[in-house]
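Each protein sequence line maps, in turn, to chains A and B.
Sequential numbering from 1 applies to the first sequence in the numbering used here.
Sequential numbering from 113 applies to the second sequence in the numbering used here.
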Amino acid sequence: GESVGLHLPTLSVQEGDNSIINCAYSNSASDYFIWYKQESGKGPQFIIDIRSNMDKRQGQRVTVLLNKTVKHLSLQIAATQPGDSAVYFCAETLSGNTPLVFGKGTRLSVIA
Amino acid sequence: EAGVTQSPTHLIKTRGQQATLRCSPISGHTSVYWYQQALGLGLQFLLWYDEGEERNRGNFPPRFSGRQFPNYSSELNVNALELEDSALYLCASSLRADTQYFGPGTRLTVL
């Protein structure tokens, strides 16, 4: 499988600012996408999901955007807080048929 | 409602030994997935069990194996441990084969 090495892309934002984390997915046939948050030493935590028949979905302080034309997914976090500091992974699947394939992850660092 | 649970939290073994990791899915979930996350790396898919059967397998050698029990809990077995097997092993469960919910992981250290 793929591996990213020790250095994840890092996004540093000021507390209170909005964060945008991007992900390029690999399979144009994928029809279901999920964002996970992983804090140090813990398992990934489900944040928000979106199906391919939508291009935007909003949750509490988070919005996921899907652009199928360029196979791009983004996670927007409004009013970023110190507790948002973590590694964020996107994941894709062809529903019901394939396991999730995870992106390489982005480390979000919130500056107080 | 209880989430996915894994045991043990930490496991220390020496090269050549065998390790057994356990996972209990969320109540009602029939699918269990295993992932390996080596330090600083992403999640590498290992195995997928559904209704007691192996549905898919990642790019790992045969010494990584597992099973799913009638109550949908699962075991991951790693034989002939190697130093590079040291990692966080994550279990996830789902009702369908898409939304997966993860447990806290088992940290395996091979000395």
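Virtual Cβ for every residue (Gly too), placed ideally from N, Cα, C.
- C-beta atoms of isoleucine 138/B and threonine 221/B nearer than 8 angstroms: Along the second sequence, one-based indexing puts residue 138/B at 26. Along the second sequence, one-based indexing puts residue 221/B at 109. The answer is no: Cβ separation not under 8 angstroms.
- Message: Taking its Cβ as the centre, do 16 or more other Cβ atoms sit within 10 Å of serine 205/B, making it buried, or is it exposed?
- Response: Stepping through the second sequence from its first residue, residue 205/B is reached at position 93. Buried, since its Cβ has 16 or more Cβ neighbours within 10 Å.
- Message: Between aspartate 197/B and chain A, is any beta-carbon pair separated by less than 8 angstroms?
- Response: Counted from its first residue, the second sequence places residue 197/B at position 85. So no, aspartate 197/B is outside the interface.
- According to the Cβ coordinates, are valine 87/A and glutamine 14/A closer than 8 angstroms? Here residue 87/A corresponds to residue number 87 of the first sequence, with the count starting at 1. Here residue 14/A corresponds to residue number 14 of the first sequence, with the count starting at 1. No, the pair does not count as a contact, with Cβ atoms beyond the cut-off.
- Message: Helix, strand or coil, according to DSSP, for glutamate 15/A in the structure here?
- Response: Here residue 15/A refers to the residue found at position 15 when the first sequence is read from its first residue. Of the three classes helix, strand and coil, the one that applies to glutamate 15/A here is coil, per DSSP.
- Where glycine 140/B meets chain A, residues with beta-carbon distance less than 9 angstroms: Locating residue 140/B in the second sequence gives position 28, counting from the first residue. Simply none; closest approach about 16 angstroms.
- Is it the case that the Cβ atoms of leucine 193/B and arginine 127/B are separated by a distance below 8 angstroms? Here residue 193/B refers to the residue found at position 81 of the second sequence. Here residue 127/B refers to the residue found at position 15 of the second sequence. In this structure, arginine 127/B lies closer than 8 angstroms to leucine 193/B by Cβ.
- Query: Can at least three beta-carbon pairs, one atom from the stretch 91 to 107 of chain A and one from the stretch 24 to 38 of chain A, be found at a separation below 8 angstroms?
  - Reply: yes
- Query: Counting only beta-carbon atoms, is glycine 154/B nearer than 8 angstroms to chain A?
  - Reply: What you label residue 154/B is simply residue 42 of the second sequence in a count that begins at 1. It does; some Cβ of chain A falls within 8 angstroms.
- For proline 216/B, go through chain A and note every residue whose CB falls closer than 8 angstroms to its CB, in chain order. Numbered from its first residue, the second sequence carries residue 216/B at position 104. Near proline 216/B (Cβ distances below 8 angstroms), the residues of chain A are Lys42, Gly43.
- Message: Give me the chain A residues within the contact set of leucine 202/B, using Cβ-Cβ distance strictly less than 8 angstroms, ordered along the chain.
- Response: Walking along the second sequence from the start, residue 202/B turns up at place 90. Result: Gly43, Pro44.
- Task: Return no unless some Cβ of chain A is closer than 8 angstroms to the Cβ of tyrosine 213/B.
- Result: Taking the first residue of the second sequence as position 1, residue 213/B is located at position 101. Output row for tyrosine 213/B: interface = yes.
- Query: Counting pairs of beta carbons, one from the stretch 180 to 191 of chain B and one from the stretch 75 to 87 of chain A, are three or more of them closer than 8 angstroms?
  - Reply: no
- Query: In chain A, which residues lie with their C-beta within 9 angstroms of the C-beta of glycine 157/B?
  - Reply: The residue given as residue 157/B occupies position 45 in the second sequence. The question names glycine, but residue 157/B is phenylalanine in the sequence shown. Correct list: Gly1, Pro99, Leu100, Val101, Phe102.
- Message: Suppose the cutoff is 6 angstroms on Cβ atoms and the five residues either side in sequence are ignored; what does the same chain contact list for asparagine 18/A look like?
- Response: In the first sequence, residue 18/A corresponds to position 18, counting from 1. Only Ala78 meet the Cβ criterion.
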